[in-house]
Each structure stands twice: as C-alpha cells, then as structure tokens.
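Engineer: So the mapping is simple: the numbering used here equals the position in the sequence shown, first residue as 1, plus 359. The beta carbon of each residue, even a glycine, is placed where N, CA and C say it ideally should be. What you are looking at is a predicted structure, and each value in this text was computed from that prediction instead of being measured.
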Amino acid sequence: MDITAAIIYYCFINFILIYWIRGELLMFVYPKNYDDAKKEFIELTDELKKQGYHLFKSQFEISDGLFIDKVVIKAKKEAKNRIVFSSGLHGIEGFVGHCAIKHFVTTMINTLSDETEIVIYHTLNPYGMKHLRRSNENNIDLNRNFSSNNFSNENKAYKKAIDFFTPVTYKGIKTANIAYYKNIGKAILKHGSETFKEATLLGQNSFAEGIYYSGKTFEKSTIYMLNEFNNLFNDVGKLVYIDLHTGYGPRYQMSVVNSLGDKYQTINMKKECDYPLILGEDSTDFYDIDGDMIEKLYLIKREKYPNIDFYGTCFEFGTLGDSTKKTIESLKAMIFENASFFKPQTENFVIYSDKLMREQYMPSEEEWRKKANLDFNKALKEIVKFKNI
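1) Where DSSP assigns a beta bridge to residue 422, which residues make up the other side?
2) How many angstroms separate the CA atom of residue 565 from the CA atom of residue 503?
3) Using a Cβ-Cβ cut-off of 7 Å (strictly less than) and excluding sequence neighbours within five positions of residue 553, which residues of its own chain qualify?
4) Between residue 545 and residue 393, how many whole angstroms is the CB-CB distance? I'm expecting something under 8 Å.
5) DSSP three-state label for residue 576, please.
6) In the structure shown, what three-state DSSP assignment does residue 604 receive?
7) Who are the near neighbours of residue 738 in its chain, counting only those whose CB is closer than 6 Å to its CB and skipping five residues on each side?
8) Just tell me which of 410, 548, 608, 441 has its CA closest to the CA of residue 600.
9) Residue 618 to residue 656, Cα distance in whole Å?
10) Determine, using beta-carbon pairs with one atom in the region 678 to 692 and one in the region 709 to 723, whether at least three such pairs fall under 8 Å.
11) Can you name the start and end residues of the beta strand (DSSP E) that residue 668 belongs to?
12) Exposed or buried, which one is residue 594 when buried takes at least 16 other CB atoms within 10 Å?
13) Quick check: the Cα distance between residue 734 and residue 611, rounded to an integer number of angstroms?
14) For the candidate residues 580, 539, 561, whose alpha-carbon lies nearest to that of residue 515?
15) Just to check my reading of the structure: residue 473 and residue 435 have Cβ atoms closer than 8 Å, yes? What is that Cβ distance to the nearest angstrom?
16) Which residues in the same chain have their Cβ closer than 7 Å to the Cβ of residue 498, if we skip the five residues on either side of it in sequence?
17) Mark residue 679 as exposed unless 16 or more other C-beta atoms lie within 10 angstroms of its C-beta, in which case mark it buried.
18) Residues in the same chain with beta-carbon distance under 6 Å from residue 682, minus the five sequence neighbours each way, listed in chain order, please.
19) Leaving aside the five residues before and after residue 648 along the sequence, list all residues of the same chain whose C-beta is less than 8 Å from its C-beta, in chain order.
20) Taking only the alpha-carbon atoms, compute the straight-line gap between residue 420 and residue 475 and give it to the nearest angstrom.
21) So, under 8 Å CB-CB, residue 517 and residue 524 are touching, yes? Tell me the CB distance rounded to an integer number of Å.
22) At 4 residues or longer, what runs of the alpha helix (DSSP H) sit wholly inside the region 519 to 559?
23) Drop a sphere of 10 angstroms on the beta-carbon of residue 443, count the other beta-carbons inside from all chains shown, and report buried for 16 or more, exposed for fewer.
24) What first and last residue would you give for the beta strand (DSSP E) that runs through residue 388?
25) Secondary structure at residue 457, three-state DSSP: helix, strand or coil?
26) Report the option in 425, 468, 453 whose CA atom is closest to the CA atom of residue 406.
27) Express the C-alpha separation of residue 707 and residue 740 in angstroms, rounding to a whole number.
28) Can you look up residue 782 in the DSSP assignment and give me helix, strand or coil?
29) Is the distance from the Cβ of residue 702 to the Cβ of residue 527 below 8 Å?
Laid out in structure tokens, this is it:
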C-alpha cells in the first residue's frame, strides 16, 4: 500500500469511527422480512449473553411459525426500575421498531442504571409484520383491541361512511386513484371533516373487512400482553413503557406521544427534556383511540398499582407528513392495501398498494432513516435522564 492509499484508508476509518461515536452512522437498515428480523433479534440477544448480561428469553406462538419474542435483561444490581420496549403492534411498523430496538441494544444499553431491568417484546403482531399489514391474522387493529368498555363503543361515524370503507375491486391504478379522491371528497362533503376523522381513526367493531377493526373480543396477542402487564408492574418502584410506531406526525420529526391521562408528567417533560415534540398536554395533540394499549396500561396502573411510578408513551415516527394532503395519502395506502387483501386485483395494483404501504410505514429514504435514528436516540436519552432509570 503506497502512502497516498494509506492516508485515504486512515481518513476513511477515522471518518467511520467519528460518525459511529457521535451516533450519526445510519443504523435504521431494515431486515428483509419478518424471519430475518426475528433471526437478527435472537443474534443480538445471544451477543448480550456473551458480553455477560444475565437474560431470559421466551416465545409466545400466535399462529404456525409466528411468535412474539420476549427477552428480559436483568439489572446488574437489585432491580428498582424496569424499562419496556415493544414493537410491531401494527405489524408492518415492526421494521422501524426492530431498528430502534437494535440501536438501543447495540449502543445505548450501558447508559441505563445498574438498578434497571430491561424487557423487550419483539413484534406483537408477527402476522402483520410477515405479510406487511397493520392488522393481524383476523384483520384486527391490535391498538384498538385493548378495550376498557367490553367493546361496547359504537363508531356511528364509521357506519355513516361505510360505503367509502368497503373494499372493492379496481380496474387499474389510474381508475383506483380517481375513484379514491372522488369518494373521499364526497364523504367529507356529506359528513363533515371532523365526523370523517372520527370514522377513520377511533376504531370500529361493526365491519370485519374494514380498516381500524377492533374486533369484539380480545385477540390472542392482547390476552398475552394483558397477562404480561401485571407482571411488569410487580417488584419494582418505577416502570417505563415505550411502544414503537410509525406513520403519524411530521416526516422528519419523531413524536413522543404521551397519555392524555398523564398531563402533569407531560408538562414537566416539556420543561425538563431537551426534545422538540412531546404530545399529550391537551386533546388537540393527538386523535382519540378506543382500545389503545398505552391507555389500558394506565387504567391497570390506576386500578391495581396506584403507588407505582409509571410512565407509558408511544414513539411515533412520522413518515409522509401531517398536512391534510398527506393525511389523505396515508389513508389511501390503507384503503388500497385492504382492498388488495379482501378483493381480487390486478397484479400491477397489488404491487402499487404494496409500495404505498412500505413508504407509509417503513420509508426507504436514507435521510429519513438517519433522522429517525437520531430522534430515537435523543428522545430515549432524555427520558432515561428524566425518569432517572
């Protein structure tokens, strides 16, 4: 190797090391599929064991060959705190969630207190992740399935706009787009924008082939997690739960979405945490959800564990953006994917709807993936400091 080549090589290696140390190296590189994500997660935990961490691994089978993978990484001293990460509640969103968990395990795990135990649930909806759907094997949106009212809430707005949400067969991509924009315009004019927003986001239990279907009973994944929740509150004085999602919010800024029932903690976080987008102080911050998992955790905390210091939140990685136009585009991806699932479509249309879903929930752009990594790193550091865990 001549001197010029040696200098170039030296500079390149130092460039890589500097970026790695600063946490700026692009880490959000998606696994190819669910099976690769599962394999990589197992390898990550095996590596932790080699490094001397005391951990326990388990699996819960949802359907043939599809599992929720759980790992408990024991505290180095007697555990006083517990931090929990969960990914893939909305299936396809599990790819970004996997990358976030990988970043934590490989670069941030040592930043926690020796008195903090770590619990990770990798892919709560393995069917959705494997088949690139938000919903599970029964077309149920699991973040509408943690009902606190015995599934009695009726989404009247959804019923009014049922024609818009009913899957149909499209002749092609162009005609599908024309029909979509025509139908959404008619629906908004007829029912009003607020009614239509409630119809699309609250959750519904009246149409099993529709989007945001909550179901009428707890799903297998939900029952498993409800049992886990009670274990998570036991034996520690402080519990932090972070659920990882993609889709909602500004494209280049991850949102920390707190419970509306924890406004006092949100106000304090805004004062003490150096993070630009913390939501949950008032009802305009986020849309209403019936059957939300984090809200269910807060209900369990209030009813059974009032003395536990609990903080639950959702890390929401915005993808398309939060303008009205982008919200309409986001809904289109879900409507077209759902139509592809329930009705016969042309091959080109299926490919098109698949591409829309991928960009909606796992953007390919490098700049987005780099910023998502940095936002996760920053938000988690601030929460660890704020909660002193």
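Structural biologist: For this structure:
1) Counting from one through the sequence shown, the residue named residue 422 turns up at place 63. When DSSP reads this structure, residue 422 sits in a beta bridge with 425.
2) Counted from its first residue, the sequence shown places residue 565 at position 206. Counted from its first residue, the sequence shown places residue 503 at position 144. Using only the alpha carbons, I get a separation of about 13 Å.
3) Translated into the one-based positions of the sequence shown, residue 553 becomes position 194. Non-local beta-carbon contacts of residue 553 in its own chain, meaning distances under 7 Å to residues more than five positions away in sequence, are absent.
4) As a working note, residue 545 is residue 186 in the sequence shown. As a working note, residue 393 is residue 34 in the sequence shown. The beta-carbon distance between residue 545 and residue 393, rounded to whole angstroms, is 38 Å. This is too long to meet the 8 Å contact definition.
5) Looking up residue 576 in the sequence shown gives position 217. Coil.
6) For the purposes of this step, residue 604 is taken as the residue at position 245 of the sequence shown. Reduced to three states, the DSSP call for residue 604 is strand.
7) The residue you call residue 738 lines up with position 379 of the sequence shown. The answer, listed in chain order, is 615, 634.
8) In the sequence shown, residue 600 corresponds to position 241, counting from 1. The shortest C-alpha separation from residue 600 is found at 441.
9) Mapped onto the sequence shown, residue 618 falls at position 259. Mapped onto the sequence shown, residue 656 falls at position 297. When rounded, the distance between both Cα atoms is 10 Å.
10) By the C-beta criterion, the region 678 to 692 is judged to be in contact with the region 709 to 723, since at least 3 inter-stretch pairs fall below 8 Å.
11) Here residue 668 corresponds to residue number 309 of the sequence shown, with the count starting at 1. Counting along the chain, the beta strand (DSSP E) containing residue 668 begins and ends at 668 to 677.
12) By 1-based counting over the sequence shown, the position of residue 594 is 235. Counting Cβ neighbours within 10 Å, residue 594 comes out exposed, since fewer than 16 surround it.
13) Locating residue 734 in the sequence shown gives position 375, counting from the first residue. Locating residue 611 in the sequence shown gives position 252, counting from the first residue. Looking at the backbone, the Cα of residue 734 and that of residue 611 are separated by about 9 Å.
14) Your numbering for residue 515 matches position 156 in the sequence shown. When each option's Cα is compared against that of residue 515, the closest is 561.
15) Indexing the sequence shown from 1 puts residue 473 at position 114. Indexing the sequence shown from 1 puts residue 435 at position 76. At roughly 4 Å, the Cβ-Cβ gap stays under 8 Å, so residue 473 and residue 435 are in contact.
16) By one-based count along the sequence shown, residue 498 stands at place 139. The residues are 567, 568, 572.
17) Within the sequence shown, the letter at position 320 stands for residue 679. Buried.
18) Here residue 682 is taken as the residue at index 323 of the sequence shown, counted from 1. For residue 682, where only same-chain residues beyond five positions count, there are no Cβ hits under 6 Å.
19) On the sequence shown, residue 648 is found 289 positions in, with the first residue counted as 1. Within the same chain, residue 648 has close Cβ partners 502, 503, 560, 561, 562, 654.
20) The sequence position of residue 420 within the sequence shown is 61, counting from 1. The sequence position of residue 475 within the sequence shown is 116, counting from 1. Roughly 28 Å separates the two Cα atoms.
21) Within the sequence shown, the letter at position 158 stands for residue 517. Within the sequence shown, the letter at position 165 stands for residue 524. Taking a contact as a CB-CB distance under 8 Å, the pair residue 517 and residue 524 counts as one, their CB atoms being some 7 Å apart.
22) If one requires a minimum length of 4 residues, the alpha helix (DSSP H) runs lying completely within the region 519 to 559 are 521 to 524, 532 to 550, in chain order.
23) As a first step, residue 443 must be located in the sequence shown, where it is residue number 84. Buried, because 16 or more other Cβ atoms sit within 10 Å of the Cβ of residue 443.
24) The residue given as residue 388 occupies position 29 in the sequence shown. Careful: residue 388 lies outside any beta strand (DSSP E) and carries neither H nor E.
25) By one-based count along the sequence shown, residue 457 stands at place 98. It is helical.
26) Sequence index remark: in the sequence shown, residue 406 carries index 47 (1-based). Considering only alpha carbons, the answer is 468.
27) In the sequence shown, counting from the first residue as 1, residue 740 sits at position 381. In the sequence shown, counting from the first residue as 1, residue 707 sits at position 348. Residue 740 and residue 707: Cα-Cα distance of roughly 44 Å.
28) There is no way to answer for residue 782, as the model of the chain reaches only from 360 to 748.
29) On the sequence shown, residue 702 is found 343 positions in, with the first residue counted as 1. On the sequence shown, residue 527 is found 168 positions in, with the first residue counted as 1. Yes, these two residues count as a Cβ contact at 8 Å.
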